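Student:
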Amino acid sequence: MPVSDSGTYTLGGRPVHRLGFGAMRITGPGIWGPPRDHDEAIRVLRRAVELGVTFIDTADSYGPQVSEDLIREALHDGSGYGDVVIGTKGGFTRHGPDRWVVLGDPAYLRQCVLLSLRRLGVERLDLWQLHRIDPRRPAAEQFGAIRKFVDEGLIRDVGLSEVSVADIEAARAAGLTVASVQNRYNVGYRDHEDVLEHCERNGIAFIPWAPVDAGTLTRPDGPLAKIAKEHGDATVTQVAIAWLLRRSPVMVPIPGTSRVAHLEENLRAADVVLSDEQFAALG
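The number in the numbering used here is simply the position in the sequence shown, starting from 1, with 227 added.
#1: Does residue 481 come out as helix, strand or coil in the three-state DSSP assignment?
#2: Hey, could you find the ends of the beta strand (DSSP E) residue 344 is sitting in?
#3: Pick helix, strand or coil for residue 232, following the three-state DSSP scheme.
#4: Quick check: residue 422 and residue 391, are their CB atoms within less than 8 Å of each other?
#5: Less than 8 Å between the C-beta atoms of residue 284 and residue 314, yes or no?
#6: Enumerated in chain order, which unbroken segments of the alpha helix (DSSP H) with a length of 4 residues or greater are wholly contained in the region 276–303?
#7: Residue 406 lies in the beta strand (DSSP E); which residues open and close that run?
#8: On the three-state DSSP scale, how would you describe residue 462?
#9: Evaluate residue 507 with the Cβ neighbour count: other Cβ atoms within 10 Å of its Cβ, from every protein chain shown; 16 or more gives buried, anything less gives exposed.
#10: List the DSSP bridge partners of residue 422.
#11: Would the beta-carbon of residue 244 fall within 8 Å of that of residue 279?
#12: Which residues in the same chain as residue 256 place their Cβ atom closer than 7 Å to its Cβ, once the five residues preceding and following it in sequence are excluded?
#13: Cβ atoms of residue 450 and residue 481: under 8 Å apart, would you say?
#14: Among residues of its own chain, excluding the 5 on either side of residue 322, which ones have a beta-carbon nearer than 8 Å to its beta-carbon?
#15: Once the 5 residues before and after residue 333 are set aside, which same chain residues still bring their CB inside 6 Å of it?
#16: Below 8 Å CB to CB, which residues in the same chain sit around residue 234 once its five sequence neighbours on both sides are set aside?
#17: Roughly how many angstroms lie between the CA atoms of residue 305 and residue 312, to the nearest whole one?
#18: Could you tell me if residue 419 is buried or exposed, where buried requires 16 or more neighbouring beta carbons within 10 angstroms of its beta carbon?
#19: Using the three-state DSSP reduction, which class does residue 489 fall into: helix, strand or coil?
#20: Would residue 277 be called buried (16 or more neighbouring beta carbons within 10 Å of its own) or exposed?
#21: Taking its Cβ as the centre, do 16 or more other Cβ atoms sit within 10 Å of residue 265, making it buried, or is it exposed?
#22: Alpha carbons only, please: which of 406, 447, 440, 436 is nearest the one belonging to residue 427?
#23: Closest to residue 263 by CA distance: which of 249, 290, 359 is it?
#24: For residue 274, count the other beta carbons within 10 Å of its own beta carbon; 16 or more makes it buried, fewer makes it exposed. Which is it?
#25: Candidates 397, 308, 504: which alpha carbon is nearest residue 353's?
#26: With respect to the beta strand (DSSP E) encompassing residue 371, which residues constitute its N-terminal and C-terminal limits?
#27: Does DSSP classify residue 510 as helix, strand or coil?
#28: Report yes if the CB atom of residue 331 is closer than 8 Å to the CB atom of residue 360, and no otherwise.
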């Protein structure tokens, strides 16, 4: 399966295949607690790497802690993760299934980083992303704390999640080199078009979350289904991912799942090459 056909992008200081894996769904219902099938979650992670995935996205709040623990169990080789870049996030507290509360206190952010280091079994995180900017605290205070983590060698590269162009520029003004932005974006949801274009101009990876949540475009008589039929055995999901890969060279989609079969289906999107007409039909 040519995941490498998705192209490459330098992320976390190293080149990765642009089609990655999001490790949120390997946790329990509501992104809370352990997965229903622990062994299948381990198989999913190992199979992703076998098929060429070299970027895995996670967060300390997935579980919480569960996703990072599973990644270490499945993929850590005793010294690290080889060619695989692990990107994680911090800045949320969890209060039950589907309950997330932002906390940007610098002391808490430091705790997030240190515990992710311990859970993942590394001395430095390849990529650490601020999961959300806490609106109750000065953004510059949060950015300043992250700058210290970089200076101390705790993290290599910095990312931001759910941010505006102004947020990115404020982080850069505070001395951060922003390596990635992780915003909601897919063929049916493009509210962050300006952020994507800003990332393109500045060489920042754009990691779309909810990459295949295309809403009404997925209906049986919709444009995604029509294009999928034109590709023979392609699925609507594969077409949606293929659209993201074509949309921008800085795009790094991270479709996630808790099942090996679904993983393999998602990764076959690297085989789907949209024609100019098909790309235009999706707007």
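Beta carbons are placed, not taken as given, at the ideal position from N, Cα and C, and that holds for glycine. Keep in mind the model is a prediction, meaning the values are calculated, not measured.
Tutor: Per the coordinate set shown:
#1: The residue you call residue 481 lines up with position 254 of the sequence shown. Residue 481: coil per DSSP, three-state reduction.
#2: As a first step, residue 344 must be located in the sequence shown, where it is residue number 117. Not the beta strand (DSSP E): residue 344 falls in the alpha helix (DSSP H), residues 333–347.
#3: The residue given as residue 232 occupies position 5 in the sequence shown. Helix at residue 232.
#4: Locating residue 422 in the sequence shown gives position 195, counting from the first residue. Locating residue 391 in the sequence shown gives position 164, counting from the first residue. Yes; because the gap between Cβ atoms is below 8 Å, this pair is in contact.
#5: Within the sequence shown, the letter at position 57 stands for residue 284. Within the sequence shown, the letter at position 87 stands for residue 314. Yes, the pair counts as a contact, with Cβ atoms nearer than the cut-off.
#6: Scanning the region 276–303 for uninterrupted alpha helix (DSSP H) segments of 4 residues or longer gives 293–302, listed from N- to C-terminal end.
#7: For the purposes of this step, residue 406 is taken as the residue at position 179 of the sequence shown. Counting along the chain, the beta strand (DSSP E) containing residue 406 begins and ends at 405–409.
#8: Numbered from its first residue, the sequence shown carries residue 462 at position 235. The answer is coil: DSSP assigns residue 462 none of H, G, I, E or B.
#9: Taking the first residue of the sequence shown as 1, we reach residue 507 at position 280. The residue in question, residue 507, is exposed, as its Cβ has fewer than 16 Cβ neighbours within 10 Å.
#10: For the purposes of this step, residue 422 is identified with residue 195 of the sequence shown, where counting begins at 1. Answer by DSSP bridge pairing: none, since residue 422 is not bridged.
#11: Position 17 of the sequence shown, counting from 1, holds the residue named residue 244. Position 52 of the sequence shown, counting from 1, holds the residue named residue 279. Yes; because the gap between Cβ atoms is below 8 Å, this pair is in contact.
#12: Position 29 of the sequence shown, counted from the start, is the residue given in the question as residue 256. Counting only Cβ-Cβ distances below 7 Å, and skipping sequence neighbours, we find 324.
#13: Residue 481 sits at position 254 when you count from the first residue of the sequence shown. Residue 450 sits at position 223 when you count from the first residue of the sequence shown. No; because the gap between Cβ atoms is not below 8 Å, this pair is not in contact.
#14: To locate residue 322, count along the sequence shown from 1; it is residue 95. Closer than 8 Å at the Cβ level, and outside the excluded window around residue 322, lie 328.
#15: Counted from its first residue, the sequence shown places residue 333 at position 106. Apart from the 5 residues on each side of it in sequence, residue 333 sits with its Cβ closer than 6 Å to the Cβ of 372 in its chain, given in chain order.
#16: Reading the sequence shown from its first residue, position 7 is the one you call residue 234. Once the five neighbours on either side are set aside, the close Cβ partners of residue 234 are 244, 245, 472, 476.
#17: As a working note, residue 305 is residue 78 in the sequence shown. As a working note, residue 312 is residue 85 in the sequence shown. Each residue's alpha carbon lies about 15 Å from the other.
#18: The sequence position of residue 419 within the sequence shown is 192, counting from 1. Label assigned to residue 419: buried.
#19: Taking the first residue of the sequence shown as position 1, residue 489 is located at position 262. In the structure shown, residue 489 sits in a helix (DSSP, three-state: H, G or I).
#20: What you label residue 277 is simply residue 50 of the sequence shown in a count that begins at 1. Burial call: exposed.
#21: As a first step, residue 265 is located in the sequence shown; it is residue number 38 there, counting from the start. Exposed.
#22: Here residue 427 refers to the residue found at position 200 of the sequence shown. For residue 427, the nearest C-alpha among the options comes from 406.
#23: Taking the first residue of the sequence shown as position 1, residue 263 is located at position 36. The candidate whose alpha carbon is nearest that of residue 263 is 290.
#24: Looking up residue 274 in the sequence shown gives position 47. Under this definition residue 274 is a buried residue.
#25: In the sequence shown, residue 353 corresponds to position 126, counting from 1. Answer by Cα proximity: 308.
#26: Within the sequence shown, the letter at position 144 stands for residue 371. Here residue 371 belongs to no beta strand (DSSP E); instead the alpha helix (DSSP H) covers 366–378.
#27: Against the sequence shown, residue 510 aligns to sequence position 283. In the structure shown, residue 510 sits in coil (DSSP, three-state: anything other than H, G, I, E or B).
#28: On the sequence shown, residue 331 is found 104 positions in, with the first residue counted as 1. On the sequence shown, residue 360 is found 133 positions in, with the first residue counted as 1. Yes; because the gap between Cβ atoms is below 8 Å, this pair is in contact.
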